[in-house]
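Novice: Its first residue numbered 0, the sequence shown is counted upward by one per residue in numbering that gives the first Met the number 0.
Every residue, glycine too, gets a C-beta built ideally from N, C-alpha and C.
None of the values given here were measured: they were computed from a predicted structure.
Below you will find the structure I want to go over with you.
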Amino acid sequence: MTDTLIYNAEGLERQPLAVFTEKAYLDYSMYVILDRALPYVGDGLKPVQRRILYAMSELGLSAAAKFKKSARTVGDVLGKFHPHGDSACYEAMVLMAQPFSYRYPLIDGQGNWGSPDNPKSFAAMRYTESRLTPYAELLLGELDQGTVDWQPNFDGTLEEPKLLPARLPNLLLNGASGIAVGMATDIPSHNLREVARACIHLLDHPDATVADLTVHVPGPDFPTAGEIITTPAEILKIYETGNGSLRQRARYEVEQGDVIITALPYQVSGERLMEQIAAQFNAKKLPMIEDFRDESDHEFPTRLVIVPRSNRVDIERLMSHLFATTDLERSYRVNLNLVAGNGRPRVMDLKEILAEWLTFRTATVRRRLEHRLGKVLDRLHLLEGLLIAYLNIDEVIRIIRTQDEPKPVLIERFALSDTQAEYVLNTRLRQLARLEEMKIRGEQAELAAERDQLQGILGDESRLKHLIRDEIIADAAKYGDARRSPLVARTAAAALDETEVSPSEPVTVVLSEKGWVRAAKGHEIDAVALSYRSGDQFLTAARLRSNQTAVFLDSTGRSYCLPAHTLPSARGQGEPLTGRLDPPKGASFVAVLGEPPQTRLLLASDAGYGFIVRMEELYAKPKGGKAVLTLPAGARVLPPMPIPDLPNPRLAAVTNSGHLLVFPVSDLPEMPRGKGNKIISIPAAKGAERQDWLVAAAVVREGGSLIIASGKRTFTLKPADLDLYQGERGRRGKPLPRGFQRVDGLTVD
Numbered sequence: 000m001t002d003t004l005i006y007n008a009e010g011l012e013r014q015p016l017a018v019f020t021e022k023a024y025l026d027y028s029m030y031v032i033l034d035r036a037l038p039y040v041g042d043g044l045k046p047v048q049r050r051i052l053y054a055m056s057e058l059g060l061s062a063a064a065k066f067k068k069s070a071r072t073v074g075d076v077l078g079k080f081h082p083h084g085d086s087a088c089y090e091a092m093v094l095m096a097q098p099f100s101y102r103y104p105l106i107d108g109q110g111n112w113g114s115p116d117n118p119k120s121f122a123a124m125r126y127t128e129s130r131l132t133p134y135a136e137l138l139l140g141e142l143d144q145g146t147v148d149w150q151p152n153f154d155g156t157l158e159e160p161k162l163l164p165a166r167l168p169n170l171l172l173n174g175a176s177g178i179a180v181g182m183a184t185d186i187p188s189h190n191l192r193e194v195a196r197a198c199i200h201l202l203d204h205p206d207a208t209v210a211d212l213t214v215h216v217p218g219p220d221f222p223t224a225g226e227i228i229t230t231p232a233e234i235l236k237i238y239e240t241g242n243g244s245l246r247q248r249a250r251y252e253v254e255q256g257d258v259i260i261t262a263l264p265y266q267v268s269g270e271r272l273m274e275q276i277a278a279q280f281n282a283k284k285l286p287m288i289e290d291f292r293d294e295s296d297h298e299f300p301t302r303l304v305i306v307p308r309s310n311r312v313d314i315e316r317l318m319s320h321l322f323a324t325t326d327l328e329r330s331y332r333v334n335l336n337l338v339a340g341n342g343r344p345r346v347m348d349l350k351e352i353l354a355e356w357l358t359f360r361t362a363t364v365r366r367r368l369e370h371r372l373g374k375v376l377d378r379l380h381l382l383e384g385l386l387i388a389y390l391n392i393d394e395v396i397r398i399i400r401t402q403d404e405p406k407p408v409l410i411e412r413f414a415l416s417d418t419q420a421e422y423v424l425n426t427r428l429r430q431l432a433r434l435e436e437m438k439i440r441g442e443q444a445e446l447a448a449e450r451d452q453l454q455g456i457l458g459d460e461s462r463l464k465h466l467i468r469d470e471i472i473a474d475a476a477k478y479g480d481a482r483r484s485p486l487v488a489r490t491a492a493a494a495l496d497e498t499e500v501s502p503s504e505p506v507t508v509v510l511s512e513k514g515w516v517r518a519a520k521g522h523e524i525d526a527v528a529l530s531y532r533s534g535d536q537f538l539t540a541a542r543l544r545s546n547q548t549a550v551f552l553d554s555t556g557r558s559y560c561l562p563a564h565t566l567p568s569a570r571g572q573g574e575p576l577t578g579r580l581d582p583p584k585g586a587s588f589v590a591v592l593g594e595p596p597q598t599r600l601l602l603a604s605d606a607g608y609g610f611i612v613r614m615e616e617l618y619a620k621p622k623g624g625k626a627v628l629t630l631p632a633g634a635r636v637l638p639p640m641p642i643p644d645l646p647n648p649r650l651a652a653v654t655n656s657g658h659l660l661v662f663p664v665s666d667l668p669e670m671p672r673g674k675g676n677k678i679i680s681i682p683a684a685k686g687a688e689r690q691d692w693l694v695a696a697a698v699v700r701e702g703g704s705l706i707i708a709s710g711k712r713t714f715t716l717k718p719a720d721l722d723l724y725q726g727e728r729g730r731r732g733k734p735l736p737r738g739f740q741r742v743d744g745l746t747v748d
């Protein structure tokens, strides 16, 4: 297959489909990139925006003019320069008029031009009126001074500017966004005064680095007053590479205990934000909030009120959660992709953008000066001929009266140029007679001085730079304002975990012998009296809050976790833990715990080994849990026992054969997992079955008593009696009195 064009007998052009489609797609791609989606570095505008502004200037809609219907402007734009859809053109016009979308709006709108809550709620173009803002003068003021090239419009009947002679880098001031074919652009807006200072610094120091420029441009400046919390190092990297992301956060203050949000991030709707908070509130994921409302009005455009439930609520933690889960904090992509001065799109760093714009500005100012110099020289040339005619007015009048073609005679008689002769002939005799020599010579002197000044500036690069510098300073003073988006270093927002955002209500988690679990509201629950499945009965219960985590321990020494608020209600018979957890085959659940994370527990096996562990070490995320207590062969897990924070507590351990040993709790080690140390000595088994094992252990406070149960009989040991059973950890202990050789349990008094 060849790329050569083929013509058939009818003279129609034929070419391979692959060649045609490739060329058509490339042409379309370049059109979208250069003429629709990406802005030009010089004026920072896309073609449709440039045409809207030019059409409005042609309609005389300056900042001092009366408003005109927007439909009139859109009609002129479509009919003369931009033959596309009217709705797309009007939306581009609306965007340039919205102060919450553009940092420095180009169009002054009257009527409904949308709101921050709904930017697309603007009225139809037949209802709204518009004119240019004073800032637009920065783009249009030098348009008629020979500063730009012109091109035919779409039908060749009119001329339109290829670009506008921006006096400041509008590309950075108002930013831009767009999606082309294979590329996109996202340029944030910046502060006018800061960018002007950076331009001046680069003019004075052409070798300045991006880091030097960020001293003057520390970061973007959005139309809204939210805080930019991206670190200076990250912003510098964005400006050096042309890519990255920024984060902006809402600003708030505390007023009489209430949180007042006074500024939102860019393009964030207060209405949408309140919906996000309401969704969490209705799902009972914000128990620390009592009320929230929108009090925004004309006096306070942004005033969102959040009322905490009490003055004990940690407001910073609450707001950190809202920053992480709502649009109170937003991330913005940055991609400094634009059409460079050579007409090619590419990603630039901050210095390249400013350098390209200064090159454009220098060329624009030079063209303006050259255009003015041409006007001055032309006027001086005409004045020179006019002075000759004035000094010889009688002769000029005689030639005009007596000659059929006075022009060539005037040229020959007074050595005038064709232009001078034409100007003299077109001057009214009354006007020529009124002119005085001194006035002509005075105008010549003024123009000659201006000519010398212009030629001096054009011939001296330093003077040209100084002129550009002075103009930037003057424009910054006239149109600049203070920064709106403060740059603030903030810690990263973090959402509250599920236990923190759940309501905190007292609940009792009940575990049955068969491993069925349920949660009853309140702590005054008679768990034994609850209804159980046939063949099942009460095993144990734990009192905790609904926003806490329930820990379960199985017969193999593994621990598991489930949020208490996710457990089924006690109105029914619950559900089996094996449906949510994955214990080893044959294992059963022996305990449920609900103590605070820092609580110390005694974890032991009936083989006489144990250790102290903190509650937080028992938390396990996977369904399979985690191994905590290592069991010797044939041993069983004893129910964990909390160790109260008391001075000099003692541990009492008793075997089923009636041997009691008392020793300080501090003799046991604190470990995250393992078998533990020997608590009490257990004789080796004689045969297949064990004859002796650890029945129970209890922590006795200083001065406390111990009650030992054996069947229906009980035996109380006073503090002095306990001293008789004191011994070293791991010993056999001493036998209890006759009748207590079969111990069932211990109770602390």
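#1: Quick one: what does DSSP say Asn391 is sitting in, helix, strand or coil?
#2: On a CA-only basis, which of Val147, Lys22 and Val258 is nearest Glu369? Give me that one, please.
#3: Can you tell me the Cβ-Cβ gap for Leu390 and Ala447, rounded? I've got them flagged as a contact below 8 angstroms.
#4: I'd like the list of long-range same chain contacts for Lys464, defined as Cβ closer than 7 angstroms, with 5 residues on each side in sequence excluded.
#5: Tell me where the beta strand (DSSP E) around Met640 begins and ends.
#6: By Cβ distance below 7 angstroms, which residues in the same chain neighbour Gly455 in space, the five residues on each side in sequence not counted?
#7: Applying the 10 Å Cβ sphere with the 16-neighbour rule, what's the burial state of His522?
#8: Need the endpoints of the beta strand (DSSP E) that Thr746 sits in, please.
#9: Return the chain-ordered ranges of every beta strand (DSSP E) run that is complete within the region 698–745 and spans a minimum of 3 residues.
#10: Write down the C-beta distance between Met614 and Leu602 rounded to the nearest angstrom, noting that I regard them as a contact closer than 8 angstroms.
#11: Does Thr1 pass the burial test, meaning 16 or more other C-beta atoms within 10 Å, or should it be called exposed?
#12: Please name the residue in Arg308, Glu233 and Asn425 whose C-alpha comes closest to that of Arg332.
#13: Please determine, among Asn676, Pro583 and Asp451, the residue with the shortest C-alpha to C-alpha distance to Arg753.
#14: Pull up the distance between the alpha-carbon of Leu303 and that of Arg250, whole angstroms please.
#15: Are Arg489 and Arg329 touching if we call contact CB-CB under 9 angstroms?
#16: On the premise that Pro639 lies in contact with Ala697, defined as a C-beta separation below 8 angstroms, what is that separation, rounded to the nearest angstrom?
#17: For Tyr724 and Leu659, which I take to be in contact (beta-carbon distance under 8 angstroms), what is that distance rounded to the nearest angstrom?
#18: Tell me, to the nearest whole angstrom, how far the beta carbon of Ala549 is from that of Leu561; I am working on the premise that it is less than 8 angstroms.
#19: Measure how close the beta-carbons of Asp220 and Arg483 come, nearest whole angstrom, since I'm counting them as under 8 angstroms.
#20: If you count every other CB in all the chains shown that lies within 10 Å of the CB of Met437, and 16 or more means buried, which is it?
#21: Between the region 236–243 and the region 62–78, can you find at least three pairs of beta-carbon atoms closer than 8 angstroms?
#22: Name the two residues that bound the continuous beta strand (DSSP E) containing His658.
#23: How many whole angstroms separate the CB atoms of Asp605 and Pro582, which I take to be in contact at a CB cut-off of 8 angstroms?
#24: Cα separation between Tyr53 and Glu159?
#25: Apply the 10 Å Cβ neighbour rule to His564 and answer buried if 16 or more other Cβ atoms are within range, or exposed otherwise.
#26: Tell me, please, whether the region 113–127 touches the region 135–149 by the rule of three or more beta-carbon pairs shorter than 8 angstroms.
#27: Which of helix, strand or coil does DSSP assign to Asn152?
#28: For the structure I just gave you, are there three or more beta carbon pairs, one from the region 171–180 and one from the region 16–35, closer than 8 angstroms?
#29: Could you spell out the range, first to last residue, of the beta strand (DSSP E) harbouring Gln247?
#30: Any idea if Val40 is buried or exposed, counting beta-carbon neighbours within 10 angstroms, 16 or more meaning buried?
#31: Short of 8 angstroms in beta carbon distance, which residues of its chain neighbour Pro300, apart from the five on each side in sequence? Order them along the chain.
#32: Please determine, among Lys513, Lys584 and Arg542, the residue with the shortest C-alpha to C-alpha distance to Tyr574.
#33: Rounding to the nearest angstrom, what Cα-Cα distance links Gly657 and Val612 in this structure?
#34: Beta-carbon separation of Gly384 and Ala175 under 9 angstroms?
#35: How far does the alpha helix (DSSP H) with Lys477 in it reach, from first residue to last?
#36: Can you check DSSP and say which residues form a bridge with Leu349?
Specialist: Concretely, from the data shown:
#1: The residue given as residue 391 occupies position 392 in the sequence shown. Assignment of Asn391 by DSSP, reduced to helix, strand and coil, places it in the coil class.
#2: As a first step, residue 369 is located in the sequence shown; it is residue number 370 there, counting from the start. Taking only the C-alpha atoms, the option nearest Glu369 is Val147.
#3: Residue 390 sits at position 391 when you count from the first residue of the sequence shown. Residue 447 sits at position 448 when you count from the first residue of the sequence shown. For Leu390 against Ala447, the beta-carbon gap comes to about 19 angstroms, at or over 8 angstroms, which does not count as contact.
#4: Sequence index remark: in the sequence shown, residue 464 carries index 465 (1-based). These residues qualify, in order along the chain: Leu202.
#5: Counting from 1 along the sequence shown, the entry for residue 640 is found at position 641. Counting along the chain, the beta strand (DSSP E) containing Met640 begins and ends at Met640 to Ile642.
#6: The residue given as residue 455 occupies position 456 in the sequence shown. The answer, listed in chain order, is Arg462.
#7: As a working note, residue 522 is residue 523 in the sequence shown. Classification for His522: exposed.
#8: Counting from 1 along the sequence shown, the entry for residue 746 is found at position 747. Segment Gly744 to Val747, the beta strand (DSSP E) holding Thr746.
#9: If you keep only unbroken beta strand (DSSP E) runs of at least 3 residues inside the region 698–745, you get 705–709 and 712–716.
#10: To locate residue 614, count along the sequence shown from 1; it is residue 615. To locate residue 602, count along the sequence shown from 1; it is residue 603. Their Cβ separation, rounded to whole angstroms, is 11 angstroms, which puts Met614 and Leu602 out of contact at 8 angstroms.
#11: For this step, residue 1 is matched to residue 2 along the sequence shown. With a pLDDT of only 46 at Thr1, under the threshold of 50, the placement of this residue in the model should not be trusted; the figure read from the coordinates follows. When all chains shown are included, Thr1 counts as exposed.
#12: Counting from 1 along the sequence shown, the entry for residue 332 is found at position 333. If we check each option's Cα against that of Arg332, Glu233 comes out closest.
#13: This structure cannot speak to residue 753, because the chain is shown only from 0 to 748.
#14: Within the sequence shown, numbered from 1, the residue matching residue 303 stands at position 304. Within the sequence shown, numbered from 1, the residue matching residue 250 stands at position 251. Approximately 11 angstroms between the Cα atoms of the pair.
#15: In the sequence shown, counting from the first residue as 1, residue 489 sits at position 490. In the sequence shown, counting from the first residue as 1, residue 329 sits at position 330. The answer is no: Cβ separation not under 9 angstroms.
#16: By 1-based counting over the sequence shown, the position of residue 697 is 698. By 1-based counting over the sequence shown, the position of residue 639 is 640. Not a contact, Cβ separation roughly 13 angstroms.
#17: Translated into the one-based positions of the sequence shown, residue 724 becomes position 725. Translated into the one-based positions of the sequence shown, residue 659 becomes position 660. Approximately 5 angstroms separates the beta-carbon atoms of Tyr724 and Leu659; this is inside 8 angstroms, confirming the contact.
#18: Taking the first residue of the sequence shown as position 1, residue 549 is located at position 550. Taking the first residue of the sequence shown as position 1, residue 561 is located at position 562. Contact flag correct, Cβ pair sits at about 5 angstroms.
#19: Indexing the sequence shown from 1 puts residue 220 at position 221. Indexing the sequence shown from 1 puts residue 483 at position 484. Yes, they are in contact, since the Cβ atoms of Asp220 and Arg483 sit about 6 angstroms apart, within 8 angstroms.
#20: Position 438 of the sequence shown, counting from 1, holds the residue named residue 437. Exposed.
#21: Cβ pair count under 8 angstroms is below three, so no.
#22: Locating residue 658 in the sequence shown gives position 659, counting from the first residue. Per DSSP, His658 belongs to the beta strand (DSSP E) from His658 to Pro663.
#23: Stepping through the sequence shown from its first residue, residue 605 is reached at position 606. Stepping through the sequence shown from its first residue, residue 582 is reached at position 583. The Cβ separation is near 19 angstroms, so there is no contact.
#24: As a position in the sequence shown, residue 53 is number 54, starting the count at 1. As a position in the sequence shown, residue 159 is number 160, starting the count at 1. Their Cα atoms are separated by approximately 8 angstroms.
#25: As a first step, residue 564 is located in the sequence shown; it is residue number 565 there, counting from the start. Counting the other Cβ atoms within 10 Å of the Cβ of His564 gives 16 or more, which makes it buried.
#26: Flag = no, the region 113–127 and the region 135–149 do not touch.
#27: Here residue 152 corresponds to residue number 153 of the sequence shown, with the count starting at 1. Asn152 falls in the coil class under three-state DSSP.
#28: Touching, per the Cβ criterion.
#29: On the sequence shown, position 248 is the one that residue 247 refers to. First-last of the beta strand (DSSP E) with Gln247: Asn242 to Arg248.
#30: Along the sequence shown, read from residue 1 onward, the residue named residue 40 stands at position 41. So Val40 ends up on the buried side.
#31: Along the sequence shown, read from residue 1 onward, the residue named residue 300 stands at position 301. Taking Pro300 as the centre and dropping the five residues before and after it, the same chain places the C-beta of Pro115 closer than 8 angstroms to its C-beta, in chain order.
#32: Numbered from its first residue, the sequence shown carries residue 574 at position 575. Checking the sequence shown, residue 574 turns out to be Glu, not Tyr. Measuring from the Cα of Glu574, the nearest candidate turns out to be Lys513.
#33: Residue 657 sits at position 658 when you count from the first residue of the sequence shown. Residue 612 sits at position 613 when you count from the first residue of the sequence shown. One Cα belongs to Gly657, the other to Val612, and the distance between them is close to 27 angstroms.
#34: Taking the first residue of the sequence shown as position 1, residue 384 is located at position 385. Taking the first residue of the sequence shown as position 1, residue 175 is located at position 176. Gly384 is not a Cβ neighbour of Ala175, given a cutoff of 9 angstroms.
#35: Taking the first residue of the sequence shown as 1, we reach residue 477 at position 478. Segment Glu460 to Tyr478, the alpha helix (DSSP H) holding Lys477.
#36: As a first step, residue 349 is located in the sequence shown; it is residue number 350 there, counting from the start. Note: Leu349 is not bridge-paired with any residue in the DSSP secondary-structure output.
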